[in-house]
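Numbering-wise (the working numbering), the sequence shown opens with residue 399 and increments by one.
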Amino acid sequence: MLSPDLETRLAKVLDRLDNLLPKTEAEVDWSAKAFRWRRRNYLGMSAGELEPVERIAFVEESVIINADRQKEQLFRNTEQFVKGLPANNVLLSGARGTGKSSLIRACFSKYCNQGLRLIEVDKSDLRDLADIARMVSHRPEKFIVFCDDLSFEFGEGGYKELKAILDGSVASSGDNLLVYATSNRRHLMPEKMSDNLASSMDEDGELHPAETIEEKMSLSERFGLWLSFYPYSQKEYLSIAKVWTEHFGGTINEEWQTEALQFALQRGSRSGRVAYQFSRDWAGRTRLEKEDA
């Protein structure tokens, strides 16, 4: 019979060993609304697990402006998905800082109370997509796998796995999982002039793209819904900055527009991200000045 002290020490050792082992599917906290897929090292081996997000950065639908068409299509597609109707994987592509990621987060914020769940996956972990699909396949919730800033270089891991999960795999991803991805590249892979030089034209004048181009385009084409985003005009930039300034409790005065334009000029971009950053700075400065006055 073991002494109480020895039992206590053994219990502590077992707890430490348990932390060194990967969590089983039964140990996933399915009450969470958002997850991150994380690969961890356990006793010299690597395994992925769903890590609940404790503090979710929700985005209100009202702060997404100058993207009405994209918002309508993404929300409609997501509502179809949540209601168990056919829906598409989505690729949001275009200029940086134009609200692609924010729109996905706003969409999730709107539908998370209707059973929608979000799984954030780094590009480097896309090779685990089949494992993620298997883990959630028997769950009643609807899951969106969210990959931000997606693009691939030649020979990079995850490319084939993503193609398989989007379309073409023998193993179905099920009816409760979709992929929403953002990218600054529409075709997700670098394009070279030599690829076009390898294209050919038949005797009827029909252009046949080279196999390399076909391969690069095939991944993008597996997303059923493409939403494109474009650089903002000065007017659009200021309208976004105004929304965020009011959101942060800042004051719109005569100096505000001049400051907003100078802020964008210093950063060489009139993007939504720059408008957001300016608004945080402006609202913080002006509110601090009022407190110190």
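Yeah, the Cβ is synthetic: ideal placement off N, Cα and C, and Gly gets one too.
Go ahead and pull the three-state DSSP assignment for residue i.
i: E477; result: helix
i: K431; result: coil
i: F676; result: helix
i: E518; result: strand
i: M591; result: Residue placement at M591 is flagged as unreliable, the pLDDT there being 45, under the threshold of 50; the coordinate-derived value follows with that caveat. M591: helix per DSSP, three-state reduction.
i: V534; result: helix
i: R685; result: helix
i: R494; result: coil
i: S401; result: coil
i: R467; result: helix
i: Y618; result: The residue asked about is misnamed: residue 618 is Ser in this sequence, not Tyr. Here S618 sits in helix by DSSP.
i: V341; result: Residue 341 lies beyond the residue range present for the chain, which begins at 399 and ends at 691; the question has no answer from this structure.
i: I563; result: helix
i: D690; result: helix
i: T406; result: helix
i: E452; result: coil
i: G670; result: helix
i: L472; result: helix
Can you determine whether any heavy atom of the ligand MN sits closer than 7 Å to the C-beta of residue i, and answer yes or no?
i: Q512; result: Absent from the structure shown: the ligand MN. Ligands present: none.
Measure the C-alpha to C-alpha separation of residue i and residue j and round it to an integer number of angstroms.
i: G371; j: A639; result: Nothing in the structure corresponds to residue 371, since the chain is present only between 399 and 691.
i: H645; j: K688; result: 17 Å
i: I502; j: D403; result: 53 Å
i: Y635; j: T656; result: 13 Å
i: L490; j: E425; result: 33 Å
i: A430; j: C510; result: 10 Å
i: W642; j: A493; result: 20 Å
i: R525; j: G482; result: 27 Å
i: V451; j: F544; result: 14 Å
i: K508; j: E458; result: 8 Å
i: G648; j: S677; result: 8 Å
i: L625; j: D690; result: 46 Å
i: E619; j: S549; result: 14 Å
i: R537; j: I454; result: 21 Å
i: W654; j: I463; result: 19 Å
i: V341; j: E449; result: With the chain covering 399 to 691 only, the question about residue 341 has no answer from this structure.
i: K558; j: V577; result: 14 Å
i: Q471; j: F433; result: 24 Å
i: N487; j: L623; result: 6 Å
i: Y630; j: A445; result: 42 Å
i: S637; j: A579; result: 26 Å
Check the DSSP bridge columns for residue i and list the partner residues they point to.
i: R525; result: Answer by DSSP bridge pairing: none, since R525 is not bridged.
i: V577; result: V543
i: V488; result: Y578, L623
i: G446; result: R437
Please classify residue i as buried or exposed, where buried requires at least 16 neighbouring CB atoms within 10 angstroms.
i: A522; result: Correcting the residue type first, residue 522 is Ser in the shown sequence and not Ala. Result: exposed.
i: R683; result: exposed
i: D427; result: exposed
i: A531; result: buried
i: S592; result: Because S592 sits at a pLDDT of 47, beneath the cut-off of 50, its placement in the model cannot be relied upon, and the point is left open.
i: S460; result: exposed
i: R515; result: buried
i: T406; result: exposed
i: K498; result: buried
i: F456; result: exposed
i: S500; result: buried
i: N651; result: exposed
i: S401; result: exposed
i: L686; result: exposed
i: L564; result: buried
i: L663; result: exposed
i: G666; result: exposed
i: R668; result: buried
Does residue i come within less than 8 Å of chain D when only Cβ atoms are used?
i: L483; result: This model lacks chain D altogether; it includes just one protein chain.
Would you give the residue range spanned by the alpha helix (DSSP H) that residue i belongs to?
i: I641; result: Sequence check: residue 641 is Val here, not Ile. Note, V641: alpha helix (DSSP H), 632 to 645.
i: L659; result: 652 to 665
i: I502; result: 498 to 509
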